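In the working numbering, the protein residues as written are 1 to 67. Everything on this sheet refers to the single structure shown next.
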């Protein structure tokens, strides 16, 4: 569980900070298959990886407008 959490946190950071494709992030986070990564990510963050990235970008955009 600890290792899985670390992998998913790494994936979330990559989704927030890079333009890497979800498939590339899957492998970079130590997963071998996109569907299993996506299920685990969705279970932890309640959003699939693509939606998570979109929402994080919207938050950054909103915050930059009010800064």
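Idealized CB from N, CA, C, for every residue including glycine. All values reported here derive from a predicted model rather than from experimental measurement.
Going by C-alpha distance, which of the options is nearest residue i?
i	options	result
residue 10	36, 21, 32 and 25	25
Apart from the five residues just before and just after residue i, which ones in its own chain have a Cβ nearer than 6 Å to its Cβ?
i	result
residue 31	37
residue 29	7, 10 and 11
residue 44	8
residue 51	none
Apart from the five residues just before and just after residue i, which ones in its own chain have a Cβ nearer than 8 Å to its Cβ?
i	result
residue 33	26
Under a Cβ-count criterion, where at least 16 other Cβ atoms within 10 Å of its own Cβ denotes burial, should residue i be classed as buried or exposed?
i	result
residue 60	exposed
residue 41	buried
residue 2	exposed
residue 21	exposed
For a quick check, are the C-beta atoms of residue i and residue j less than 8 Å apart?
i	j	result
residue 15	residue 56	yes
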